[in-house]
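Report on the structure given below.
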Amino acid sequence: MIRELILKNRSYRRFYQETTIDLETLKELVDLARCSASAANRQPLKYILSCGPEKNALVFQHLAFAASLKDWSGPAEGERPSAYIIVLGDTEISKSFGVDPGIAAQSILLGAVDRGLGGCMLGAIQRDGLRKALDIPERYEILLVIALGKPGETVVLETVSPDGNTTYWRDKDSVHHVPKRSLDDIIIG
Ligand SMILES: Cc1cc2nc3c(=O)[nH]c(=O)nc-3n(C[C@H](O)[C@H](O)[C@H](O)COP(=O)(O)O)c2cc1C
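Per numbering that gives the first Met the number 0, the sequence shown starts with residue 0, numbered consecutively.
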């Protein structure tokens, strides 16, 4: 079951935007992050939730989707995420956040997939602009944005070809392909 969930948990970047996600669902997802591991149990992560059209539009304009797809400038109106969770680091609790945001984001995304949703972690963020747009105090470092929605695209895993190229691509039918290294390549001892 966990394997199925992880295989289904792809980075989705096109959604059925009209399928809304309510605040309660976002809170349930953050609760999964809250219960996850944290270095020294410091729990320095804080969250901003967005699921309404105006706030979503503000968040969206500060994100960069799929930089490797050179001929695609991100999801068009109608296929954009329905909600976002912004992962912040509270510098009054800790000065560095290590792998905590990754663990939290994975918990959130697995929870989303379990609910028939999907999403994408985004690190390519215009941080200054987003901070201004949402009036985020300097105390909080902007670590990640998690885009969420009902996936509107098919994503399939591939094996990395012998040339070692890991760049993802989209085919003529708009299916998104993600090459993964083989087990033999990553277990080195
Ligand atoms: C820390 C992190 C930051 C990422 N930032 C972005 C991003 O800014 N924009 C984006 O479109 N995808 C982003 N991704 C998604 C990756 O591109 C994606 O995980 C990769 O292509 C593999 O696809 P998969 O998640 O379906 O396995 C990020 C993923 C991680 C883990």
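Glycine included, C-beta positions come from ideal geometry on N, C-alpha and C.
Query raised in the report: Any idea if D99 is buried or exposed, counting beta-carbon neighbours within 10 angstroms, 16 or more meaning buried?
Result: Taking the sequence shown and counting its residues from 1, the one referred to as residue 99 is at position 100. So D99 counts as buried.
Query raised in the report: Of all the options D30, N40, D183, R169, which has the alpha carbon lying nearest to the alpha carbon of A65?
Result: Taking the first residue of the sequence shown as position 1, residue 65 is located at position 66. Each of D30, N40, D183, R169 was checked against the Cα of A65, and the nearest Cα belongs to R169.
Query raised in the report: Using a threshold of 7 Å, is the CB atom of R12 nearer than that to any non-hydrogen atom of ligand 1?
Result: Within the sequence shown, the letter at position 13 stands for residue 12. Remark: the C-beta of R12 is in contact range of ligand 1, defined as less than 7 Å to any heavy atom.
Report task. May I ask you to verify whether the stretch 111–118 touches the stretch 7–25, counting CB pairs closer than 8 Å and requiring at least 3? Result -> With a cut-off of 8 Å on Cβ pairs, the stretch 111–118 is in contact with the stretch 7–25, counting three or more such pairs.
**Report entry** Cβ neighbours of L57 in the same chain (closer than 6 Å, five flanking residues each side left out)
**Finding:** For this step, residue 57 is matched to residue 58 along the sequence shown. Only A132 meet the Cβ criterion.
Query raised in the report: Rounded C-beta distance between K179 and T158? I'm assuming under 8 Å.
Result: The residue you call residue 179 lines up with position 180 of the sequence shown. The residue you call residue 158 lines up with position 159 of the sequence shown. Contact flag correct, Cβ pair sits at about 7 Å.
Query - Contacts around L44, its chain only, beta-carbon distance under 8 Å, and the 5 residues preceding and following it disregarded - result: The count along the sequence shown starts at 1 and reaches residue 44 at position 45. By the criterion of a C-beta distance shorter than 8 Å, L44 is surrounded in its chain by A32, S37, V86, L87, G88, D89, F96, D99, P100, A103, L142, once the five residues flanking it on both sides are discounted.
Requested in this report: For L4, I'd like the list of residues in its chain whose CB is within less than 7 Å of its CB, leaving aside the five on either flank, ordered along the chain.
Outcome: What you label residue 4 is simply residue 5 of the sequence shown in a count that begins at 1. Within the same chain, L4 has close Cβ partners L109, V112, D113.
Query raised in the report: Based on the DSSP output, what are the partners of T153 in its beta bridges?
Result: If you number the sequence shown from 1, residue 153 lands on position 154. In DSSP, T153 forms no bridge with anything.
**Report entry** Residue(s) in a DSSP beta bridge with K179
**Finding:** The residue you call residue 179 lines up with position 180 of the sequence shown. DSSP lists T158 as partners of K179.
Report task. Going by DSSP, name the residue or residues bridged to V144. Result -> The count along the sequence shown starts at 1 and reaches residue 144 at position 145. Looking at the DSSP output, V144 sits in a beta bridge with I85, L121.
Query - Three-state class that DSSP yields for S10 in the structure shown - result: Locating residue 10 in the sequence shown gives position 11, counting from the first residue. Strand, per DSSP.
Query raised in the report: So what does DSSP say about S37, is it helix, strand or coil?
Result: Counted from its first residue, the sequence shown places residue 37 at position 38. If DSSP states are grouped into helix, strand and coil, S37 belongs with coil.
**Report entry** Cutoff 8 Å; reference I92; Cβ partners in own chain excluding five residues on either side
**Finding:** Along the sequence shown, one-based indexing puts residue 92 at 93. The answer, listed in chain order, is R41, Q42, P43.
Query - Per DSSP, cross-strand counterpart(s) of R227 - result: This structure leaves residue 227 out entirely; the chain is present only between 0 and 188.
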